[in-house]
């Protein structure tokens, strides 16, 4: 839960030392409460205060980062339900689907479109954010092959690996090693195995119910 | 541990407004946020009115002109086409030809157009002026008299000209569209001024001013959202009118709905792009709370009707 300025003030050193460039600790606390300043600015804050304030300032919707590098997309971190209450932080990501049952030509053509999708609209860069690879064939080898092909063709594009078969999931996650893909997903019948794969390979896990 | 869904209950409720005579439409009446049917009661689905105008649509993009080719040269055939062929639930007749910078048609001519259209169709009619402050006072008064007894929506009454238009609506038993410019305070103030004239607040629709996707849609979205939250959570009696989204006029004006594919290669073919632009604009504002939408392209209307089916 977000803390008020006064609650934050109680956790600060109350020295009014001005090292944070705010005239008083109370003024700094008010800025912190409005999320207009970062706690890092205070060199004297206690470890305990850092812990409490860190937890309190974390947005209720946790961030998920998909992919690595320039094209990584961050989702979540929202603190409000309505835009006018404050603002929305991360736009939702848009992915296009590639089925592992498609022909090589189709797969290449979609991957090309994604690679060339970026447009500049009044200074804002918009593009297809990710590729969703769907294991509709149910075949682990086929799925792995397509993931490998796309990882080679579009190395910077974040991937979502969609399968309910643990064997296919394992192979695909390995094929996309180091790319921070989203594994999608765990369901009632495979939750333990999927969670293990995601944990071992340090990837985010999508849960379907 | 089982999940318990949070269930918001609201103290306020949107007024229910009915228009039309033989065939009627009813909008509003809900006591929850748009499509939150799991929390309360949504008695009426949003209604889409097909837009036509008193003069041929020479200023509309080709994508639209093509759709109404052969019927749009004359408002009566155009209105009948919308009612009989497109199954329009309502028709919005925009008297754009009365604008002094356009054909500058007289109030009498406009009144005759209204009479002719009303004689030809049974679905409810929205009668819109040209948004010219001075001219609309004469045109809409004449139109309201010509439409007496047919329970139409008449607008748009704005801060500078609302008095005569409100009086004409009262005298001829119509519903009123009140428009203000993208500001919740102006919207509230106009509603109050109108009700202070003795006009029943439950016979109004608020138009907080539309804007198209990519051209300020987020402003209209937020104003609508805030109006609806004021109506429901604060039980603000001056903000409980249903809302209007004048979609087509704004969506079809923007570059993306008009530019050839060569100019906007990322956007794909022009025709589906324009339709998508109107659809997305309408869909977003409906989610923000608009219950009455004025639209132009039949395919966009179809897409929104389908969206409503899925959300209701």
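Chains as they are written, first to last, in my numbering: chain A, 11 to 219; chain B, -12 to 299.
Cβ atoms here follow ideal geometry from the backbone N, Cα and C, with glycine treated the same way.
In this text the structure is predicted, and so the values were computed from the model without any measurement.
**Request:** Would you mind working out which of A:169, A:190, A:161 and A:215 sits nearest residue 176 of chain A, comparing C-alpha positions?
**Result:** A:215
Report the neighbours of residue 213 of chain B on chain A: residues whose CB is nearer than 9 Å to its CB, in chain order.
92 and 94
**Report entry** Exposure label - residue 33 of chain B; buried when at least 16 CB within 10 Å
**Finding:** buried
Would you kindly work out how many angstroms separate the C-alpha atoms of residue 205 of chain A and residue 111 of chain A, rounded to a whole number? 26 Å
> What residues of chain B sit near residue 129 of chain A, judged by a beta carbon separation below 7 Å?
Replying inline: 253
_Residue-level contact to chain A via CB, residue 208 of chain B, 9 Å cutoff_ = yes
Residues sharing a beta bridge with residue 194 of chain A, DSSP: A:172 and A:216
Among all the DSSP beta bridges, which residues are the ones paired with residue 230 of chain B? B:193 and B:277
- Query: What does a CB cutoff of less than 7 Å around residue 207 of chain B pick up in its chain, not counting 5 residues either side in sequence?
  - Reply: 169, 195, 196, 197, 198 and 272
Fill in: Inter-residue CB distance, residue 78 of chain B and residue 66 of chain B (contact presumed, cutoff 8 Å)
5 Å
Taking DSSP as the reference, what is the three-state secondary structure of residue 204 of chain B?
helix
- Quick one: Cα of residue 287 of chain B to Cα of residue 69 of chain B, how far? 14 Å
Check your understanding: Among A:130, A:149 and A:186, which one has its Cα closest to the Cα of residue 166 of chain A?
Key -> A:186
Could one say the Cβ of residue 235 of chain B lies closer than 9 Å to chain A's Cβ atoms, at least one of them? no
Continuous beta strand (DSSP E) assignments of at least 3 residues falling wholly in the region 73 to 109 of chain A | 74 to 76, 83 to 85 and 105 to 109
*In its own chain, which residues sit with a C-beta less than 8 Å from the C-beta of residue 23 of chain A, not counting the 5 before and 5 after it?*
35, 52, 54, 55 and 56
(message) By the DSSP assignment, the beta strand (DSSP E) with residue 142 of chain B in it spans what residues?
(response) 140 to 144
Using the rule of at least 16 other Cβ atoms within 10 Å of the residue's Cβ for burial, across every protein chain shown, is residue 190 of chain B buried or exposed? buried
Discussion item. Using a Cβ-Cβ cutoff of less than 8 Å, which residues in the same chain neighbour residue 265 of chain B once the five nearest sequence positions on both sides are dropped?
Written reply: 234, 235, 238, 239, 244, 282, 283, 284 and 287
*asked:* For a test of the three-state rule: what should DSSP assign to residue 247 of chain B, helix, strand or coil?
replied: coil
*Spell out whether any CB of chain A is found under 9 Å from the CB atom of residue 223 of chain B.*
no
Identity of the residue in B:261, B:295 and B:296 nearest residue 48 of chain B by Cα = B:261
Practice prompt. Note down, in chain order, each residue of its chain lying with its Cβ closer than 6 Å to the Cβ of residue 13 of chain A, except the 5 sequence neighbours on either side.
Written response: 66
For residue 205 of chain B, return the contacting residues in chain A, with the cut-off set at a CB-CB distance below 8 Å.
93
Worksheet item: Can you tell me whether DSSP reads residue 137 of chain A as helix, strand or coil?
Response: coil
Notebook entry, point to check: Under 9 Å between C-beta atoms, does residue 300 of chain B make it to chain A?
Noted result: Any question about residue 300 of chain B goes unanswered here, given that chain B covers just -12 to 299.
- Query: In whole angstroms, what separates the C-alpha of residue 179 of chain B from that of residue 96 of chain A?
  - Reply: 28 Å
For residue 120 of chain B, which option in B:90, B:86, B:255 and B:129 has the closest C-alpha, if you only look at C-alpha atoms? B:86
Between A:152, A:155, A:103 and A:45, which has its C-alpha nearest residue 138 of chain A's C-alpha? A:103
> Can you give the Cα-Cα distance for residue 214 of chain B and residue -2 of chain B, rounded to whole angstroms?
Replying inline: 14 Å
- Query: Quick one, which of B:268, B:115, B:249 and B:226 has its alpha-carbon nearest residue 241 of chain B's?
  - Reply: B:268
Can you tell me whether residue 145 of chain A is buried or exposed, with buried defined as 16 or more other CB within 10 angstroms of its CB?
buried
Exercise for the section: Could you please give me the residues that DSSP links to residue 162 of chain B through a beta bridge? Expected result: B:140
Original post:
Taking 9 Å as the CB-CB cut-off, is residue 51 of chain B touching chain A?
Top reply: no
Can you say whether residue 159 of chain B is buried or exposed, counting buried as having 16 or more other CB atoms within 10 angstroms of its CB?
buried
Output the distance between the C-alpha atoms of residue 72 of chain A and residue 127 of chain A, rounded to the nearest integer angstrom. 28 Å
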